[in-house]
Amino acid sequence: MSFSGKSICVLLTISLFFSCNKKENIEEKYTYEIISLLYNQLTSPIDYSKSMPPTPNGMAMKKEDSIHLLNYSKELIAKKQIIAIIPELEIPRNRKRKAHHDCSEYESLLNEYYIIDQKDSLKISKIHNIRKDSIIHFNESMIDKNRKDFENFDILLSFSQIEFNKEYDKAIIATSMSTSRLAGGGSLVFLERKNGLWTVKCTKNLWIS
């Protein structure tokens with residue numbers, strides 16, 4: 000091989016190396032932007048000062064009940080929560096689910112999402128926590144199986160691996176949130192990136208308890 004031929008091989012190798020690194024850096028950056036967005040949505044307490052929930056019979060809530068609910072809401076918002084997170088981005092489940100009808104253009108991306116077959120570690124230090132809650136790695140020893148309530152934390156979260164399209168402006172992820180062993184739910188989340196920001200376009204329930 001001539002010197003020029005060797006040089007071309009070296010340049011191609013370097014170019015491929017930096018191209019792969021750039022893709023990995025973009026995916027990691029966007030992964031934690033998405034997880035941070037969903038984390039803050041899932042863990043944010045309901046602020047009843049902005050909208051009071053309807054009563055079952057449609058009648059106005061009593062003043063004392065309204066005050067109690069508002070005070071309870073303020074306590075939740077002020078409280079520093081402990082959030083336990085499963086320390087892996089899990090492989091997709093519920094593989095027969097289709098895209099939400101409002102996100103039908105994600106169907107081919109969903110097929111790609113479902114063939115992910117490996118887990119990755121989740122770095123909780125990279126989650127942007129706007130409430131400054133305490134985030135901890137979850138392990139099974141934190142749960143007392145004889146109790147329905149969580150004793151060592153307030154909320155348990157998990158996230159799946161994320162599938163991006165080639166343009167990195169659409170993504171699919173699954174999330175789950177539980178507030179006790181008997182209360183929780185999971186969703187398939189379809190996101191899009193516009194003007195430099197990720198937003199949720201639609202969700203589809205996977206399970207609820």
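The sequence shown lines up with residues 0 to 208 when you count with numbering that gives the first Met the number 0. All C-beta atoms, glycine included, are put in the ideal place defined by N, C-alpha and C. None of these values were measured; they are calculated from a predicted model.
query: Output needed for Ile134: all residues of its chain with C-beta closer than 7 Å, excluding positions within five of it in sequence on either side, in chain order.; result: Ile82, Ile84, Ile123, Ile126, Asn128
query: So, is Gly195 buried or exposed, given that buried needs 16 or more other C-beta atoms within 10 angstroms?; result: exposed
query: Tell me the DSSP bridge mates of Met176?; result: Leu156, Gly184
query: With DSSP collapsed to three states, give me the class of Leu121.; result: coil
query: Ignore the nearest five residues each way along the sequence and tell me which others in Leu235's own chain have a CB closer than 7 Å to its CB.; result: With the chain covering 0 to 208 only, the question about residue 235 has no answer from this structure.
query: Taking only three categories from DSSP, how would you classify Asp148?; result: strand
query: Taking the alpha helix (DSSP H) that Glu87 falls in, what are its first and last residues?; result: Glu87 -> not in any alpha helix (DSSP H); beta strand (DSSP E) instead, spanning 81-89.
query: Do the CB positions of Glu191 and Thr198 come within less than 8 Å of each other?; result: yes
query: Are Glu89 and Lys131 closer than 8 Å when you measure CB to CB?; result: no
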